[in-house]
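Numbering (the working numbering), first residue to last: 13 to 94. The C-beta atom is built at its ideal place from N, Cα and C for all residues, glycine as well. The structure appears below as structure tokens.
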């Protein structure tokens with residue numbers, strides 16, 4: 013499911029790419045809307061299956077999304093794809 017989000021964003025060619033910072037080597041650490049949407053899908057799949065387990069992910073999951081539990085309906089506008 014997460015891979016479907018990455019593919020959808022890549023095929024739309026609307027990446028909304030931004031930098032998360034720099035790697036230890038000094039290269040830009042890029043993040044796209046596909047990364048965020050994929051992360052969100054996988055986070056909630058695991059959280060639903062294992063509610064008592066703390067899930068740590070590479071990408072940030074918004075606190076509002078965590079409280080809501082569904083995540084997709086609270087998608088920030090900057091990541092919304094048309």
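query                                                                                                                                                      : result
Taking only runs of the beta strand (DSSP E) that begin and end inside the region 28-71, which ones reach a length of at least 3 residues, in chain order? : 30-34 and 40-43
Is DSSP giving residue 77 helix, strand or coil here?                                                                                                      : Here the model assigns residue 77 a pLDDT of 48, short of 50, so the residue's position is not dependable, and the following value carries that caveat. Residue 77: helix per DSSP, three-state reduction.
Assuming residue 41 and residue 34 form a contact by the criterion Cβ under 8 Å, report the distance between their Cβ atoms to the nearest whole angstrom. : 6 Å
If we ignore side chains and look at the alpha-carbon of each, how far apart do residue 20 and residue 39 end up?                                          : 26 Å
Below 8 Å on the Cβ atoms is my contact criterion, and I expect residue 51 with residue 23 to pass it. Report the Cβ-Cβ distance as a whole number of Å.   : The Cβ separation is near 19 Å, so there is no contact.
Have a look at residue 94 and residue 53 and give me their C-alpha separation to the nearest angstrom.                                                     : Legend: pLDDT at residue 94 = 37, less than 50; position of this residue unreliable, no value from coordinates given.
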